[in-house]
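**Student:** Structure provided below as structure tokens; questions to follow.
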Amino acid sequence: MTTVALKPATMAQALTRALRDAMADDPAVHVLGEDVGTLGGVFRITDGLAKEFGDDRCTDTPLAEAGILGTAVGMAMYGLRPVVEMQFDAFAYPAFEQLASHVAKMRNRTRGRMPLPITIRVPYGGGIGGVEHHSDSSEAYYMATPGLHVVTPATVADAYGLLRAAIASDDPVVFLEPKRLYWSKDSWNPDDPQTVEPIGRAVVRRTGTSATLITYGPSVSVCLEAAEAARAEGWDLEVVDLRSLVPFDDETVCASVRRTGRAVVVHEAGSFSGPGGEIAARVTERCFHYLEAPVLRVAGFDIPYPPPMLERHHLPGVDRILDAVARLQWEAES
Amino acid sequence: MTVMEQRGAYRPSPPPAWQPRTDPAPLLPDAEPYRVLGTEAAAKADPELLRRLYAQLVLGRRYNVQATALTKQGRLAVYPSSTGQEACEVAAALCLQERDWLFPSYRDTLAVVARGVDPVEALTLLRGDWHTGYDPYEHRVAPLSTPLATQLPHAVGLAHAARLKGDDVVALAMIGDGGTSEGDFHEALNFAAVWQTPVVFLVQNNGFAISVPLAKQTAAPTLAHKAVGYGMPGRLVDGNDAAAVHEVLGDAVRHARAGGGPTLIEAVTYRIDAHTNADDATRYRGDAEVEAWRAHDPIQLLERELTERGLLDEAGIEAAREDAEAMAARLRERMNQDAPLDPMDLFEHVYAEPTPQLREQQAQLRAELEAETEEGAVR
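Residue numbers (my numbering), protein chains in the order written: chain V, 257 to 590; chain B, 4 to 382.
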């Protein structure tokens, strides 16, 4: 029996390692984006790739997101497996036409003859003190676009495994990186990082019996914290980390809600027409007779992302989550 | 010594590290659209090529007429005609080698057919039984692009990838005058020039973006001049002169193949028909303008050149027409057959494997169809 050497590592390191390993394993994998070459990306996720693999494999492009993604489409048409970096969530919007009209549809338009295995890495979400246009939670746009997979890791190990799975996928994957978790540390075994999680499976991060917190990405750690705090109130909360928003893992989510009978969806994105509305509807449709209370949403407000000095009021925190849990009609039981 | 003297003489200098990047003069297009037919340059044109172009133009015109007729018979949902633009369409297909790639827009089904794609498959999008009817890899023709200019960065990316792999491949991207206002036009040309990608951009300036004339589209001296800003050569050509278009395209393709980078070509032509069968061109242009362009018809221009030089006689003209009629009859017959449709296909090819949610929706539609069938049987 071998001893597994677990070491602390950041999510950023795991993502870099995933890109490096994918490029080493498959010469078709090409990284392109703004500042990804010499600088190693503004978050340093592509650090060292240009040096190790050359400028042709890790390419600094002109500053034009539609051009980056459009060019990646052409590269994928010719058999490459491009991984593009959008520098920030809100800077990815110029690429949306390429994403919605071509990346998401090409396989379907051509009856499967022209699949586009492109990974689109998007640092997203708030909590880093960024000025405007640097903290959007744009996942609902991507989720509403058929033909895309949308995934987001919450742990260091998942960051590696999901990114490897995204690059290996023959479908386009929007890979949302919770930027405030870039520097979060986890115990991880960098000597044996090969676990590639299948896309489309949620995971129960904490088991509990009172209610289920359904969440993903940057809100997972907040929910785990809330679950710890809830013990003082006598609630034993289960936390489900979705990992994959598309495809959606109804099975894992509904199995949890059927066990606990109560659910709260937690995310940074706004609640109106946000992911939580879809998730609450799905859970209600499938688990109605198991539910003791309506499925509630704890989300960012329906406002443009606030300036940094006010963002803590916007982001769902432990208190807002516990307030929602308190509203899950417990009095009916007593 | 005064303070001013201590500072030394004022010597104006450019900003530090500034240097001119590219000499713009060689990139500039000619003052007038380049022409071959009816000029001295025609004598140098290969008679075989001219005859081949002629046969293709006649076929192309008949194809446009037939496709337009099919809309009236309900066999095509819509047809954006390239009548009057056949020289550009045909030359775009003929200037490429087999290994090269064509990136057409929705008005370019004629170029797609001239490249060898089955016309029924090329028209699938416009018939409405699927989106792309042909296998893009069979003739190296990208799907017809409806969102304007979005296919241009694809051409750049494909040519870039081919060059990285060491393959000798040139990509030709087709676009109209309206599309040059789109951001993707700018981004594609910029990427192509920075990376010196083997791509040729062919702009067919047919005068109108649906109803909007070029004057409301751009203030550039010509569309070809836009190339200079990117650091690539711009060429201006008479888009109704098939020999000239073929020559200019051929030069650009050879230049790209030799590692010389991209070229932007503006072919000055005219959309004789309305935007599509659903459009009414009388709302935005007069007959006189259309008639002036009819007198500059690409088929007539080439026919005159060939007959005057004794390269084509009445029998040759008749033979070309007969071939075109036979093509049209075959197309009519095939398009008059109903396309096989399977609604279950709607859920295939969205992903490599349908998601569990799509499987559920597919089952729902199947049940709906079965219920319809049973209802029909009861009635």
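All C-beta atoms, glycine included, are put in the ideal place defined by N, C-alpha and C.
(1) Listing by chain order, which chain V residues have their CB less than 9 Å from the CB of T285 (chain B)?
(2) Would you say P23 (chain B) faces chain V, with C-beta separation under 8 Å as the test?
(3) Looking at chain B, is there any beta carbon in it that lies within less than 8 Å of the beta carbon of F504 (chain V)?
(4) Under a Cβ-count criterion, where at least 16 other Cβ atoms within 10 Å of its own Cβ denotes burial, should H249 (chain B) be classed as buried or exposed?
(5) I'd like to know if the stretch 406-422 of chain V and the stretch 447-463 of chain V are in contact, where contact means that at least 3 CB-CB pairs between them fall below 8 Å.
(6) Check whether the stretch 392-404 of chain V touches the stretch 421-433 of chain V, counting contact only when three or more Cβ pairs, one atom from each stretch, lie closer than 8 Å.
(7) Does DSSP put N208 (chain B) in a helix, in a strand, or in coil?
(8) For T375 (chain V), which residues from the same chain have a beta carbon less than 6 Å from its beta carbon, with the 5 sequence-adjacent residues on both sides left out?
(9) Taking C-beta pairs closer than 7 Å, name the residues in chain B that V406 (chain V) reaches, listed in chain order.
(10) Among residues of its own chain, excluding the 5 on either side of D291 (chain V), which ones have a beta-carbon nearer than 8 Å to its beta-carbon?
(11) Using a threshold of 8 Å, state whether the C-beta atoms of V93 (chain B) and Q69 (chain B) are closer than that.
(12) Enumerate in chain order the residues of its own chain whose CB-to-CB distance from S148 (chain B) is below 6 Å, with the five nearest sequence positions on each side excluded.
(13) Assess contact between the stretch 257-276 of chain B and the stretch 303-314 of chain B, defined as three or more Cβ pairs (one per stretch) separated by less than 8 Å. Is contact present?
(14) Given this structure, state the Cα-to-Cα distance separating G573 (chain V) from T516 (chain V), to the nearest angstrom.
(15) Which residues in chain A sit within 9 Å of H228 (chain B), going by Cβ to Cβ distance?
(16) Are the CB atoms of G237 (chain B) and L30 (chain B) nearer to each other than 8 Å?
(17) By the DSSP assignment, the beta strand (DSSP E) with D448 (chain V) in it spans what residues?
(18) State the DSSP-derived secondary structure class of P19 (chain B), mapped to helix, strand or coil.
(19) How many angstroms separate the CA atom of R97 (chain B) from the CA atom of T86 (chain B)?
(20) In angstroms with no decimal places, state the Cα-to-Cα distance between Y380 (chain V) and P474 (chain V).
(21) Would you list, in sequence order, the uninterrupted beta strand (DSSP E) runs of no fewer than 3 residues that lie entirely inside the stretch 451-537 of chain V?
(22) What does DSSP give as the partner residue(s) for F431 (chain V) in the beta ladder?
(23) In chain V, what lies closer than 7 Å to T153 (chain B) by C-beta?
(24) Of the residues B:T221, B:R54, B:P17, which one's Cα is nearest the Cα of A322 (chain B)?
(25) Is the stretch 532-551 of chain V touching the stretch 349-366 of chain V in the sense that three or more CB pairs, one from each, lie closer than 8 Å?
(26) Under the assumption that V459 (chain V) contacts V520 (chain V) (Cβ atoms under 8 Å), give the Cβ distance between them as a whole number of angstroms.
(27) Just to confirm, are V203 (chain B) and V159 (chain B) a CB contact at a threshold of 8 Å?
(28) Grab the span of the alpha helix (DSSP H) containing K229 (chain B) for me, first residue to last.
(29) Spell out the partners DSSP gives Y37 (chain B) in its beta bridges.
(30) Quick one: Cα of K219 (chain B) to Cα of L113 (chain B), how far?
(31) Roughly how many angstroms separate the alpha carbons of T258 (chain V) and D447 (chain V), rounded to a whole number?
(32) Can at least three beta-carbon pairs, one atom from the stretch 460-472 of chain V and one from the stretch 489-496 of chain V, be found at a separation below 8 Å?
(33) Quick one: is L469 (chain V) near chain B, going by C-beta distance under 8 Å?
(34) Ends of the alpha helix (DSSP H) at A331 (chain B)?
(35) How would you call Q354 (chain V), buried or exposed, if buried means at least 16 neighbouring beta carbons within 10 angstroms?
(36) Buried or exposed: E378 (chain B), going by 16 or more other Cβ atoms within 10 Å of its Cβ?
**Tutor:** Here's the rundown:
(1) Here residue 285 (chain B) refers to the residue found at position 282 of the second sequence. Ordered by position in chain V, no residue passes the 9 Å Cβ test against T285 (chain B), which lies about 32 Å from the chain.
(2) Locating residue 23 (chain B) in the second sequence gives position 20, counting from the first residue. For P23 (chain B), the answer is no, since every Cβ of chain V falls outside 8 Å of its Cβ.
(3) Along the first sequence, one-based indexing puts residue 504 (chain V) at 248. Interface residue, yes.
(4) Indexing the second sequence from 1 puts residue 249 (chain B) at position 246. That one is buried.
(5) yes
(6) yes
(7) Residue 208 (chain B) sits at position 205 when you count from the first residue of the second sequence. Three-state DSSP puts N208 (chain B) in a strand.
(8) Locating residue 375 (chain V) in the first sequence gives position 119, counting from the first residue. Excluding residues within five positions, the ones whose Cβ falls inside 6 Å are V339, A422, I423, V429, F431.
(9) Taking the first sequence and counting its residues from 1, one reaches residue 406 (chain V) at position 150. Here the premise fails: no neighbours, minimum Cβ distance about 11 Å.
(10) Translated into the one-based positions of the first sequence, residue 291 (chain V) becomes position 35. Answer for D291 (chain V): G297, V298, D316, Q343, listed in chain order.
(11) The residue you call residue 93 (chain B) lines up with position 90 of the second sequence. The residue you call residue 69 (chain B) lines up with position 66 of the second sequence. Not in contact: V93 (chain B) and Q69 (chain B) (Cβ atoms no closer than 8 Å).
(12) Translated into positions along the second sequence, residue 148 (chain B) becomes position 145. So the list reads S108, Q154, once near-sequence residues are dropped.
(13) no
(14) By one-based count along the first sequence, residue 573 (chain V) stands at place 317. By one-based count along the first sequence, residue 516 (chain V) stands at place 260. Those two C-alpha atoms are separated by around 22 Å.
(15) The structure shown contains no chain A; its protein chains are V and B.
(16) The residue given as residue 237 (chain B) occupies position 234 in the second sequence. The residue given as residue 30 (chain B) occupies position 27 in the second sequence. Yes, the pair counts as a contact, with Cβ atoms nearer than the cut-off.
(17) Reading the first sequence from its first residue, position 192 is the one you call residue 448 (chain V). Careful: D448 (chain V) lies outside any beta strand (DSSP E) and carries neither H nor E.
(18) Walking along the second sequence from the start, residue 19 (chain B) turns up at place 16. Coil at P19 (chain B), not helix or strand.
(19) For the purposes of this step, residue 97 (chain B) is identified with residue 94 of the second sequence, where counting begins at 1. For the purposes of this step, residue 86 (chain B) is identified with residue 83 of the second sequence, where counting begins at 1. Here the sequence assigns Leu to residue 97 (chain B), which means Arg is not the residue at that position. Using only the alpha carbons, I get a separation of about 18 Å.
(20) Within the first sequence, residue 380 (chain V) is the residue found at index 124, counting from 1. Within the first sequence, residue 474 (chain V) is the residue found at index 218, counting from 1. Cα-Cα distance, rounded: 9 Å.
(21) 459-462, 467-471, 493-497, 500-502, 519-526
(22) Indexing the first sequence from 1 puts residue 431 (chain V) at position 175. For F431 (chain V), which the question treats as bridged, DSSP gives the partners V:R377, V:V407.
(23) The residue you call residue 153 (chain B) lines up with position 150 of the second sequence. In chain order: G326, E353, Q354, S357, H358.
(24) Sequence index remark: in the second sequence, residue 322 (chain B) carries index 319 (1-based). Measuring from the Cα of A322 (chain B), the nearest candidate turns out to be B:R54.
(25) no
(26) Against the first sequence, residue 459 (chain V) aligns to sequence position 203. Against the first sequence, residue 520 (chain V) aligns to sequence position 264. About 18 Å; that fails the 8 Å criterion.
(27) Residue mapping note: residue 203 (chain B) aligns to position 200 of the second sequence, counting from 1. Residue mapping note: residue 159 (chain B) aligns to position 156 of the second sequence, counting from 1. Cβ atoms of V203 (chain B) and V159 (chain B): not closer than 8 Å.
(28) Against the second sequence, residue 229 (chain B) aligns to sequence position 226. Where K229 (chain B) is concerned, the enclosing alpha helix (DSSP H) stretches over 229-233.
(29) For this step, residue 37 (chain B) is matched to residue 34 along the second sequence. The partner list for Y37 (chain B) (beta bridge, DSSP) reads B:V240.
(30) By 1-based counting over the second sequence, the position of residue 219 (chain B) is 216. By 1-based counting over the second sequence, the position of residue 113 (chain B) is 110. Straight-line Cα distance between these residues: approximately 28 Å.
(31) Within the first sequence, numbered from 1, the residue matching residue 258 (chain V) stands at position 2. Within the first sequence, numbered from 1, the residue matching residue 447 (chain V) stands at position 191. Reliability of the predicted coordinates at T258 (chain V) is poor, the pLDDT of 49 falling under 50, and the value obtained from them is presented with this limitation in mind. Going from the Cα of T258 (chain V) to the Cα of D447 (chain V) covers about 12 Å.
(32) yes
(33) Looking up residue 469 (chain V) in the first sequence gives position 213. Not one chain B Cβ lies under 8 Å of L469 (chain V).
(34) In the second sequence, residue 331 (chain B) corresponds to position 328, counting from 1. Here the alpha helix (DSSP H) through A331 (chain B) covers 317-338.
(35) What you label residue 354 (chain V) is simply residue 98 of the first sequence in a count that begins at 1. Looking at its Cβ environment, which holds 16 or more other Cβ atoms inside 10 Å, Q354 (chain V) is buried.
(36) Locating residue 378 (chain B) in the second sequence gives position 375, where the first residue counts as 1. Its Cβ having fewer than 16 others within 10 Å, E378 (chain B) is exposed.
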